[in-house]
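Residues in the sequence shown are numbered consecutively from -6, following the numbering used here. Just below is one structure, and these are the notes that go with it.
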Amino acid sequence: MKRNLVIALAFVLFCLVGWAGATYVNGIRLEKNFSGLVEKYGNLGILSVKLEDYQRGLLTAKTRTVVELKFPGGVPNSPAGEPAELPDKVQIVFEHFLSHGPLSFGSGLALARIETRIVSVSPGQAQFEQALQRFPQLKEPFLVSRVTYSGALESRMDVQAIETQIDTAQLKWGGFTAESVFSPRNKTLAGAFELRAFAAHTPEAELAWDGANGHFDLAEALPLVYVGKNAFKLSACRVSMSNPETGEQNNFELKGLDVRSSSSCDGKLVQMEQAMTFAGLTMDGQTYGPGVLEIELRNLDGEGLSTYQQQILEVFGKSDTTSLDQLALQFLPVYSQLLAKMAEGNPQLNIRRLHFVAPQGEIDGQLLVSFNGGKEVSQDDPAALMQRVEASTELAIHERLVQLIAINSAEGQLKRARETGNLPQLSDAELAGMARQQASAQVEALLAQNLVVRDGDKLKTTASFRQGELVVNGQNMPLF
């Protein structure tokens, strides 16, 4: 019996020592990986992240990351010359509590479990602390991640629902959730998110938004080039406001937006497709929409895109400026190299379908632009580049809609001319009459030049560009 007991105790002790050793090793490994990621991606120009105060114990660790967002070019002063209320940078401090594996608390067999919460915001710490008192749930971790032994990072973000009253406004928000799985071994990233409904009510106005959601399933085909499928849906939003003086009710409704994208790569060329469906917008009793836009990008050089992404990160990592002008100068050679690499292939832009409905009519169109490239293409020879471009387009718009667009444009120009003294002080009605005359003359001029043709109640145009020649509605047109 004693011998069996000794063997059992020795086995338990061996397991405890093994577990403690594995936990200690995992803690070291986790700190190294955590620090390496922050060091690698910690400087993205206007956004920087740094790790501070990493406290590692046997079973757990605690650390903080400081995220700093700088506003490019600084924040301009107010018109009166006084300093703007907005700061030139915002700093948010996140606290992370790490439970080391192999048996991390609440996550089963894993390298680690990480809980993240916001601990400070600067400037605005006083307001942040007031928000914590009003909404105690904000003190809880909003992000929980699990690092598996395969190296995958499984994360869930959960911002709890909020319901409160501020002065006369009643606010209700259903919260936000997001889940993702990133696998460095398989080079995949997948997940979904949901922004739940939001409602606000005051004596003068009401707002109801049904939220938004999306999902993605991507794989890294080349370094920093992810392809796959993703979707985003913006649900309906309704706003109702009453005029306190007249009692008149104004209603606004955005009926929704759906965006779906897919992409693929054969190891060399990237293909992309995107379809956007706009359900409609109603305001002042008139509805704009629905609308559809379908776009294809074909034969994009994958290696060029990968190099571009890496160069962008390098520029951000080495740059210490937030000036938009200086950043543009640093990015200029990167963009130039990207265009040169894209030109080596045969890139193609295809707007397969453009359709939009307005109260005054509809718009329908399509566009195809191709570039017949090659390594011998030189960006220093614009004439040779033009010979390699092929394009074709078709467009049809109801004439009433064209007239309205032209009238609004002309009326705006006439009002600006009146304000600057380049026109007599005519009444708005007189300016509106002049705008209608100008719009009608512009449409007739387009018809006379054969740039558009009249087909019933629509104006149509068909154009093509090949080997440096432009043909519009069957007629050759000079480029210059």
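Cβ coordinates follow ideal geometry from the N, Cα and C atoms, glycine included.
Residue environment for P340: buried (at least 16 other C-beta atoms within 10 angstroms of its C-beta). Counting the other Cβ atoms within 10 Å of the Cβ of E404 gives 16 or more, which makes it buried. The residue among L215, D450 and T455 with its C-alpha nearest the C-alpha of L444 is T455. Distance from the CA atom of I390 to the CA atom of V285, rounded to whole angstroms, is 15 Å. Taking 7 Å as the cut-off, the Cβ atoms of A432 and Q406 do not count as close. Taking a cut-off of 8 Å on C-beta distances, the segment 287 to 301 does not touch the segment 309 to 324, as fewer than three cross pairs fall below it.
For E197 against M234, the beta-carbon gap comes to about 6 Å, under 8 Å, which counts as contact.
In this structure, H208 sits away from A192, with a CB-CB distance that is not shorter than 7 Å. Excluding sequence positions up to five before and after E296, its CB lies within less than 8 Å of the CB of L215, K261 and K334, all in the same chain and listed in chain order. Within its own chain, the residues whose Cβ lies closer than 7 Å to the Cβ of L342, once the five positions on either side in sequence are excluded, are L290 and V362, listed in chain order.
Nearest to D81 by alpha-carbon distance, out of E355, P116 and P417, is P116. Around the CB of G366, 16 or more other CB atoms lie within 10 Å, so the residue is classed as buried. Minimum Cα-Cα distance from E172 among the listed residues H194, L136 and G144 corresponds to L136. Distance check between A212 and each of E383, F175 and I344 places F175 closest, using alpha-carbon atoms only.
DSSP, read as helix, strand or coil, puts T314 in coil.
DSSP places N401 inside the alpha helix (DSSP H), whose first and last residues are E392 to E412.
According to the DSSP assignment, S433 belongs to no beta strand (DSSP E) but to the alpha helix (DSSP H) extending over D421 to A441.
With fewer than 16 other Cβ atoms inside 10 Å of its own Cβ, K43 counts as exposed. Contact annotation: the segment 264 to 281 touches the segment 237 to 249, with at least three C-beta pairs closer than 8 Å. In this model, F458 and P375 are separated by some 15 Å (Cα to Cα). Out of N179, H194, V218 and C230, the CA that lies nearest to the CA of D203 is found in C230. Here T300 is buried. Its C-beta has 16 or more other C-beta atoms within 10 Å. Assigned with DSSP and collapsed to three states, F128 falls in coil, not helix or strand.
A straight line joining the alpha-carbon of A268 with that of Q126 spans about 44 Å. When the beta-carbon positions are compared, V263 and F225 stay at least 7 Å from each other. Counted as a single uninterrupted DSSP element, the alpha helix (DSSP H) harbouring Q380 occupies residues P375 to Q380.
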